[in-house]
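**Student:** Have a look at this one before I ask anything.
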Amino acid sequence: MSQRVKHPARNAVVALTAAGMGASMVFGVGAAFAADNKTIPVSGPAAAVAAQADAQAKAAQQAAAKAAAAKKAAAAKKAAAAKKAAVKKAAAKKPASWVKPVNGYTLTASFNQGGSMWTNKHSGQDFAVPVGTVVKATHSGVVVKAGPNGGGDGPAYGNAIVIKHANGTYSQYAHLSKINVGIGQTVKTGQTIARSGNTGNSSGPHLHFEIRTTPNYGSALNPAKFLRSEGVVI
Ligand SMILES: [Zn+2]
Numbered sequence: 589m590s591q592r593v594k595h596p597a598r599n600a601v602v603a604l605t606a607a608g609m610g611a612s613m614v615f616g617v618g619a620a621f622a623a624d625n626k627t628i629p630v631s632g633p634a635a636a637v638a639a640q641a642d643a644q645a646k647a648a649q650q651a652a653a654k655a656a657a658a659k660k661a662a663a664a665k666k667a668a669a670a671k672k673a674a675v676k677k678a679a680a681k682k683p684a685s686w687v688k689p690v691n692g693y694t695l696t697a698s699f700n701q702g703g704s705m706w707t708n709k710h711s712g713q714d715f716a717v718p719v720g721t722v723v724k725a726t727h728s729g730v731v732v733k734a735g736p737n738g739g740g741d742g743p744a745y746g747n748a749i750v751i752k753h754a755n756g757t758y759s760q761y762a763h764l765s766k767i768n769v770g771i772g773q774t775v776k777t778g779q780t781i782a783r784s785g786n787t788g789n790s791s792g793p794h795l796h797f798e799i800r801t802t803p804n805y806g807s808a809l810n811p812a813k814f815l816r817s818e819g820v821v822i
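Take 589 as the starting number for the sequence shown in my numbering and just add one per residue.
See below:
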């Protein structure tokens with residue numbers, strides 16, 4: 589009996605050990621399984637979802653960059669078109685170009701030239717032309733002076749005309765033989781306003797032409813330079 593008593597006890601120990609081993613094994617499998625579970629997201633369906641999300645994000649980024657580039661290009665195109673339209677509008681708004689006051693001339697005394705003919709330096713540009721040559725308005729405007737005695741500027745000018753232009757300048761035509769316009773009259777660019785002559789303090793048939801910043805003597809600019817700046821070749 590004593591052996592029998594011992595046996596079950598020993599068996600019990602063995603059984604416990606076996607049970608312990610079994611428990612350990614079960615626990616080990618469970619741990620391994622748990623570890624496997626942890627690795628699943630890296631390579632399983634969830635990882636595929638994450639990869640796709642990443643790809644989608646990249647695609648979205650590329651699409652956004654492409655859209656931004658397209659928007660920028662469209663904006664640049666629009667700006668260029670607006671600039672072109674503005675230039676076109678400005679060109680359309682710009683009044684008719686200036687013209688020469690006479691044709692078939694010889695340039696004689698120029699602006700600021702000294703000489704016995706003038707009290708001060710020459711205030712205009714002389715165009716030598718035969719008496720009776722057509723004199724034209726160099727630009728559209730309103731006649732502010734017209735008549736003998738330089739239209740009020742003095743006898744040296746003979747018969748003269750002054751026209752006020754929209755850009756704030758005035759053109760003056762002197763030594764005329766005939767005046768075709770009156771004060772207050774609107775004239776067009778190139779319109780005949782007079783015939784050239786040799787009246788006033790003149791050494792020979794010619795048109796004396798001035799560009800002024802006021803209607804009066806003493807405010808003259810270099811008329812040849814002015815006309816050239818307006819694209820007129822003289
Ligand atoms: Zn002159």
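Think of the CB as a built atom: it goes at the ideal place given N, C-alpha and C, for glycine as much as any other residue.
1) Start and end of the alpha helix (DSSP H) containing A859?
2) What ranges does the beta strand (DSSP E) occupy inside the region 646–725, keeping only unbroken runs of at least 3 residues that lie completely in it?
3) Quick one: which unbroken beta strand (DSSP E) runs of 3-plus residues sit fully inside the region 739–807? Chain order, please.
4) How many angstroms separate the CA atom of S711 from the CA atom of A667?
5) On the CB-based measure, 16 or more other CB atoms within 10 Å of its CB, does S612 come out buried or exposed?
6) For the region 790–803 and the region 714–729, state whether three or more C-beta atom pairs, one from each stretch, are separated by less than 8 Å.
7) Kindly confirm or deny that the region 682–702 and the region 743–750 touch, where touching means at least three C-beta pairs closer than 8 Å.
8) By DSSP, does T605 sit in helix, in strand, or in coil?
9) Flag D741 as yes when its Cβ comes closer than 7 Å to any non-hydrogen atom of ligand 1, and as no otherwise.
10) Could you pull out every residue in the same chain whose Cβ sits closer than 7 Å to the Cβ of V687, ignoring the five residues on either side in sequence?
11) For V614, which residues in the same chain have their Cβ closer than 7 Å to its Cβ, ignoring the five residues on either side in sequence?
**Tutor:** On the basis of the coordinates in this document:
1) Not covered by the structure: residue 859. The range shown for the chain is 589 to 822.
2) Fully enclosed beta strand (DSSP E) runs of 3 or longer: 713–716 and 722–724.
3) Runs of the beta strand (DSSP E) spanning 3 or more residues and lying entirely within the region 739–807 occur at 747–752, 758–764, 780–783 and 794–800, in chain order.
4) Their Cα atoms are separated by approximately 46 Å.
5) Low confidence applies to S612: its pLDDT is 43, below 50, so where it sits in the model is not reliable, and the reading given next is rough at best. With fewer than 16 other beta carbons inside 10 angstroms of its own, S612 counts as exposed.
6) Between the region 790–803 and the region 714–729 there are three or more inter-stretch CB-CB distances shorter than 8 Å, so the stretches are counted as touching.
7) Output reads no: the region 743–750 does not touch the region 682–702.
8) Note that T605 has pLDDT 45, beneath the 50 cutoff, so the model's placement of it is unreliable and the number below is only indicative. In this structure, T605 counts as helix in the three-state DSSP scheme.
9) False, no ligand heavy atom lies under 7 Å from that Cβ.
10) Correct list, in chain order: K724, T726, T777, G778 and V820.
11) Caution applies to V614, whose pLDDT of 45 falls short of 50 and renders its modelled position unreliable; the value that the coordinates give is listed next. Excluding residues up to 5 positions away in sequence, nothing lies with its Cβ nearer than 7 Å to the Cβ of V614 in the same chain.
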